[in-house]
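There are 2 protein chains.
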Amino acid sequence: MLAKLEEAYHFIFEKALIKEISEVGILKHVEAGEKIIEIGDYVKMMPLLLEGAIKIMRDDKDGDELLLYFLERGDTCAMTLSCCMGQTRSEIRAVAERDTSLIMIPIEKMEEWTSKYKSWRNYVFESYHARLTEMLDTIDTIAFMNMDQRLMKYLQDKAKINQHEIVNNTHQQIAYDLHTSRVVISRLLKKLELEGKIKLQRNSIEVLQL
Amino acid sequence: MLAKLEEAYHFIFEKALIKEISEVGILKHVEAGEKIIEIGDYVKMMPLLLEGAIKIMRDDKDGDELLLYFLERGDTCAMTLSCCMGQTRSEIRAVAERDTSLIMIPIEKMEEWTSKYKSWRNYVFESYHARLTEMLDTIDTIAFMNMDQRLMKYLQDKAKINQHEIVNNTHQQIAYDLHTSRVVISRLLKKLELEGKIKLQRNSIEVLQL
DNA sequence: GTTCTTGTGTAACCCTTGTTACTGTAACCG
DNA sequence: CGGTTACAGTAACAAGGGTTACACAAGAAC
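Here the protein sequences line up with chains A and B, keeping their order.
Residue numbers are given in the working numbering: position 56 of the first sequence equals residue 119, and the series is strictly consecutive.
Residue numbers are given in the working numbering: position 8 of the second sequence equals residue 71, and the series is strictly consecutive.
What follows is the structure, encoded as structure tokens:
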């Protein structure tokens, strides 16, 4: 664990803090597709992402859902962080996008490290900043873009996060992430294929314009 | 200044911190409609809201704009806060919704107080949490609601923030805030009036369902 | 008063997206 | 092998909302 921890975080945290993290942190592996946090969950541990990628979704009571953003190595979930501090329930759902390794930190350490380590404070603030920026980006996307542009952006983001130009998704899954219907996605995907931007196969989409 | 500061923040900050704020903070008055922060501005001071209300807008390069949320007494702008810490430019535009009093804090104090005062740390974290929650709410609104529902919510929020059931806005101004066109707003307002939810006059709208 | 400006009401039309329905086909399973 | 299920393609239609155009009313300016 220490090796991966240092690999991912040595630019960010001072040595002493990395040591502390490796002592109290609990390593956790999550397979692609597995749920990590559900809406309404009480969050008692804060996750640091070592490897892999996590998809953050917003759901509402009527079963509507929407992809917010992805997290990668070096990220933490500021929403979760926020919940830890405030002792509130999770507002979001987190699902492993790839096989993922996390270090779970007990929230008691948060307060302690915040006063003790400047690098920790900076990391926490930067995480908040990064998440606010991502949320703004999400808002731009849904408020200012049409569905075909959103779809293309989605495929590009997904290809990037999975480090592969082939996106293994059914049209229905995409429809859920973009909060629309399967028929709409099929229609627009076909249009994008005719425009030469992607190539369609069963259960997968090759993104030609990255 | 000290009186208003204590009135708004005595539940939040310890006495010593309020004293420091009153010593280094610069009191600023802004009239309704006046711009406070423009997109791309470098932010060198962090604002604490004493009185009034501020409207936070997102703009894009094509002239599209969208209301994100309002700030009230006791709030600070976490986006600004975030910009201060990270030394980045503002991603949003802030406009006084009512006549407003602010205390501007030099960013040098931020770091100092963060390690010195626990109440300050908590305030900063809670501000981030509140802003993330507001952003989620904004996303819910634009992703999951129809324009008539969004319009009604907008009128209710606006009535609340202005502490008055009469909203003094032209249809065009509302259209800008909701990122749609004047004709659409006029159409839907008329529909809401027929449903008995509001009453229309020239330059103002009375909200009957608060 | 008359004129000009600004705000509002409304019709007609179009485009995007959502819905329903049906077809075909790949993959899987007994 | 046939039967079943999941996935994809597509047509036809409905609904929401954006666009253009024009009429009219309330104030403001003169």
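All C-beta atoms in this analysis are idealised placements derived from N, C-alpha and C, irrespective of residue type, glycine included.
Quick caveat: nothing in here was measured; it's all calculated off a predicted structure.
Where does residue i land, buried or exposed, given buried means 16+ other C-beta within 10 angstroms?
i, result
"K78 (chain A)", "exposed"
"I229 (chain B)", "exposed"
"S244 (chain A)", "exposed"
"R156 (chain A)", "buried"
"H92 (chain A)", "exposed"
"K221 (chain B)", "buried"
"Y105 (chain B)", "exposed"
"S145 (chain B)", "buried"
"H73 (chain A)", "exposed"
"R213 (chain A)", "buried"
"K118 (chain A)", "buried"
"M64 (chain A)", "exposed"
"L251 (chain B)", "buried"
Just the chain A side, please: which residues come within less than 7 Å of residue i by C-beta, in chain order?
i, result
"G149 (chain B)", "E189 and H192"
"S178 (chain B)", "S178"
So which residues of chain B does residue i contact, with C-beta pairs closer than 8 Å?
i, result
"H242 (chain A)", "A206 and F207"
"A79 (chain A)", "Going along chain B, no residue has its Cβ under 8 Å from A79 (chain A), so there is no contact; the nearest lies around 16 Å."
"D203 (chain A)", "R121 and D123"
For the ligand MN, I want to know if residue i counts as a neighbour, meaning its beta carbon is within less than 8 Å of at least one of the ligand's heavy atoms.
i, result
"L111 (chain B)", "Among the components modelled here there is no ligand, and therefore nothing to report on the ligand MN."
Could you tell me how far apart the beta carbons of residue i and residue j are, in whole angstroms, since I believe they sit closer than 8 Å?
i, j, result
"I248 (chain B)", "I237 (chain B)", "5 Å"
"F188 (chain A)", "E160 (chain A)", "Not a contact, Cβ separation roughly 25 Å."
"L112 (chain B)", "G137 (chain B)", "7 Å"
Could you check which residue in the options has the C-alpha nearest to that of residue i?
i, options, result
"N231 (chain B)", "B:S244, B:Y217, B:T243 and B:S164", "B:Y217"
"E97 (chain A)", "A:S85, A:I89, A:M108 and A:A116", "A:A116"
"G126 (chain B)", "B:M148, B:H242 and B:Q235", "B:H242"
"K82 (chain B)", "B:I168, B:Q264 and B:Q235", "B:I168"
"Q264 (chain B)", "B:K253, B:G149 and B:E197", "B:K253"
"Y151 (chain A)", "A:I268, A:S267, A:M108 and A:E258", "Looking at the sequence itself, residue 151 (chain A) is Thr, so the reference to Tyr does not match. Per the Cα distances, A:M108."
"D200 (chain B)", "A:A71, A:L129 and A:E69", "A:L129"
"Q219 (chain A)", "A:L271, A:T139 and A:L131", "A:L271"
"C140 (chain B)", "B:H227, B:S190, B:I205 and B:L257", "B:S190"
"M173 (chain B)", "B:A66, B:E154 and B:C147", "B:C147"
"H227 (chain A)", "A:L273, A:T143, A:P110 and A:G149", "A:L273"
Against residue i, what residues of chain B qualify as contacts under a CB-to-CB distance less than 9 Å, listed in chain order?
i, result
"L129 (chain A)", "I202, D203, A206 and F207"
"R136 (chain A)", "What R136 (chain A) touches in chain B: nothing, since even the nearest Cβ is about 20 Å away."
Taking Cβ-Cβ distances shorter than 9 Å, what residues in chain A pair up with residue i?
i, result
"S164 (chain B)", "Neighbours of S164 (chain B) on chain A: none; closest Cβ ~25 Å, over 9 Å."
"L195 (chain B)", "A141, M142, S145, E154, Y191, R194, L195 and M198"
"R58 (chain B)", "This structure cannot settle anything about residue 58 (chain B), because the visible part of chain B is limited to 64 through 273."
What residue ranges within the segment 220 to 270 of chain A form continuous alpha helix (DSSP H) runs of no fewer than 4 residues, ordered along the chain? 234 to 241 and 245 to 257
With a floor of 4 residues, list each alpha helix (DSSP H) that falls wholly inside the segment 118 to 159 of chain B, ordered by position along the chain. 141 to 149
Along the chain, which unbroken stretches of the beta strand (DSSP E) at least 3 residues long are found entirely within the segment 66 to 109 of chain B? 89 to 93 and 98 to 100
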